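Structure first, commentary second.
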Amino acid sequence: MDNSLLYQKISLLPPDKMKEVETIIDSMLIKINIEKPHVNTAKAGTGKGMFTIMPGFDDPLEDFKEYME
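Numbering of the sequence shown is given in our numbering, commencing with residue 516 and proceeding in unit increments.
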């Protein structure tokens, strides 16, 4: 079967039936031992404020001072 034809058929389904098809496909993939592709759901800026860069972070380290001369 052509993938584009399959996509066209699935796109005609209402959203609840699309979810049902996804569930069926996931269970079939588990049966043949293929993992679902990972979908990155991270959004830019969601980690804002979680980390603080201290003053002097990028200053040379004392331990390497002799190599910097």
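All C-beta atoms, glycine included, are put in the ideal place defined by N, C-alpha and C. Computed from a prediction, not measured in an experiment: that's the story for all the values here.
Within the model, the alpha-carbon separation for M569 versus L576 is close to 14 Å. For P529, the secondary structure class from DSSP, reduced to helix, strand or coil, is coil.
I549 places its beta carbon 9 Å or farther from that of V536. As the crow flies, the alpha-carbon of D573 is around 24 Å from that of A559. Distance between N518 and L528, taken at the CA atoms: about 16 Å.
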